[in-house]
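The next block holds one structure in the form of structure tokens; read it before the comments.
Numbering (my numbering), first residue to last: 1 to 297.
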């Protein structure tokens with residue numbers, strides 16, 4: 001460091017401000033210089049400051065000085081990429097359960113998300129129940145420090161208690177096998193977790209789910225294609241009514257709070273005479289603006 005100070009003409013009079021993760025550590029400093037720098041957003045490893053009057057106040061050896069990014073305490077920070085996890089079940093052990101048209105929903109998901117900052121889509125096609133559980137075990141311990149949020153799409157048949165059919169015909173639980181594994185991941189704490197389910201929710205019989213919850217179910221928003229105990233509709237050529245409309249409205253209204261999408265969905269379904277009622281469950285603490293994930297042009 002001393003050699004570098006001499007090389008840039010600052011000599012022994014220079015002091016070093018070492019900045020680690022926004023915390024300033026120093027042994028000697030000029031209070032006026034420090035006061036000025038507190039007004040800036042500093043992202044650098046080292047800053048050299050002269051004490052001698054009239055000398056340049058600082059020389060960067062790191063990255064940059066600039067204004068802090070606009071972060072509102074009531075809006076989720078989506079400055080990092082989203083992580084997108086998809087479970088797509090359209091071909092089953094018993095072919096009578098095959099879901100024709102579901103490939104159109106997958107195509108729409110990929111097409112829509114191209115505009116947004118996401119890691120490579122984590123697509124899981126036609127997994128057995130045990131394979132789904134193994135995947136979610138990995139998700140529960142995966143490091144999401146470099147992600148702003150988690151988005152989970154599930155496309156399959158469903159039944160009461162929000163159970164979902166895997167390729168082998170066995171059912172897994174949305175709440176205990178999917179949501180619980182996500183909310184128990186410490187690197188997803190205080191980050192929004194978005195769940196989008198295209199699946200029926202059984203018939204009119206409702207059975208209480210006694211599964212014990214282990215983690216705090218905060219910062220969740222779940223969009224489901226139908227009301228509890230009712231069916232979802234899918235066109236064999238165009239895909240499901242819910243997923244196609246959800247993705248279109250999410251993109252068209254990406255500067256609104258994401259929870260408004262369900263209102264728009266229900267209004268559209270009612271106006272079109274579609275006998276299906278999408279539902280929303282949310283424990284979000286802040287506004288979630290999906291458009292903040294848009295790629296820069």
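Don't be surprised by glycine CBs; every beta carbon is placed ideally from N, CA and C. Just so it is clear, the structure is predicted and the values come from calculations on it, not from any experiment.
Residue i classed as buried or exposed, judged by whether at least 16 other C-beta atoms fall within 10 angstroms
| i | result |
| --- | --- |
| residue 86 | buried |
| residue 193 | buried |
| residue 218 | exposed |
| residue 83 | buried |
| residue 100 | exposed |
| residue 125 | exposed |
| residue 273 | exposed |
| residue 180 | buried |
| residue 229 | exposed |
| residue 162 | buried |
| residue 111 | exposed |
| residue 114 | exposed |
| residue 130 | exposed |
| residue 143 | exposed |
| residue 214 | exposed |
| residue 247 | buried |
| residue 145 | exposed |
| residue 78 | buried |
| residue 293 | buried |
| residue 298 | The requested residue 298 does not occur in the structure, where the chain is confined to residues 1 to 297. |
| residue 96 | exposed |
| residue 297 | exposed |
| residue 234 | buried |
| residue 270 | exposed |
Chain-order list of residues whose beta-carbon lies under 7 Å from that of residue i (same chain, five-residue window excluded)
| i | result |
| --- | --- |
| residue 290 | 250, 254 and 258 |
| residue 264 | 249 and 253 |
| residue 94 | 169 |
| residue 98 | 90, 91 and 92 |
| residue 136 | 177, 178 and 181 |
| residue 216 | 183 |
| residue 295 | 115, 116 and 117 |
Endpoints, beta strand (DSSP E) assigned at residue i
| i | result |
| --- | --- |
| residue 133 | No beta strand (DSSP E) contains residue 133, which is instead part of the alpha helix (DSSP H) from 129–141. |
| residue 282 | 279–282 |
| residue 122 | 122–125 |
| residue 250 | Residue 250 -> not in any beta strand (DSSP E); alpha helix (DSSP H) instead, spanning 241–252. |
| residue 89 | From DSSP, residue 89 is part of no beta strand (DSSP E); its letter is neither H nor E. |
| residue 193 | 193–198 |
| residue 231 | From DSSP, residue 231 is part of no beta strand (DSSP E); its letter is neither H nor E. |
| residue 224 | 220–224 |
| residue 187 | From DSSP, residue 187 is part of no beta strand (DSSP E); its letter is neither H nor E. |
| residue 173 | 171–173 |
| residue 164 | 163–165 |
Rounded Cβ spacing between residue i and residue j (contact assumed at less than 8 Å)
| i | j | result |
| --- | --- | --- |
| residue 178 | residue 160 | Not really, about 16 Å apart at Cβ, beyond 8 Å. |
| residue 227 | residue 267 | Not really, about 15 Å apart at Cβ, beyond 8 Å. |
| residue 127 | residue 167 | 6 Å |
| residue 262 | residue 278 | 6 Å |
| residue 283 | residue 220 | 5 Å |
Neighbourhood of residue i by C-beta, 6 Å cutoff - its chain only, sequence neighbours within 5 removed
| i | result |
| --- | --- |
| residue 76 | 192, 286 and 288 |
| residue 208 | Confidence at residue 208 is low in this model, with a pLDDT of 34, below 50, so the placement of that residue should be treated as unreliable; the coordinate-derived value is given next. Around residue 208: no qualifying Cβ. |
| residue 198 | 155, 225, 240, 242 and 243 |
| residue 190 | none |
| residue 149 | 82, 191 and 192 |
| residue 222 | 195 and 281 |
Alpha helix (DSSP H) segment containing residue i, residue limits
| i | result |
| --- | --- |
| residue 149 | Not the alpha helix (DSSP H): residue 149 falls in the beta strand (DSSP E), residues 147–155. |
| residue 259 | Here residue 259 belongs to no alpha helix (DSSP H), and DSSP marks it neither H nor E. |
| residue 102 | 102–113 |
| residue 180 | 180–183 |
Beta-carbon contacts of residue i that lie in its chain and below 8 Å, excluding the five residues immediately before and after
| i | result |
| --- | --- |
| residue 244 | 104, 105, 108 and 238 |
| residue 74 | 286 and 287 |
| residue 119 | 81, 82, 83, 84 and 147 |
Chain C contact for residue i (CB, 8 Å cutoff)
| i | result |
| --- | --- |
| residue 127 | Protein chains in the displayed structure number just one, and chain C is not present. |
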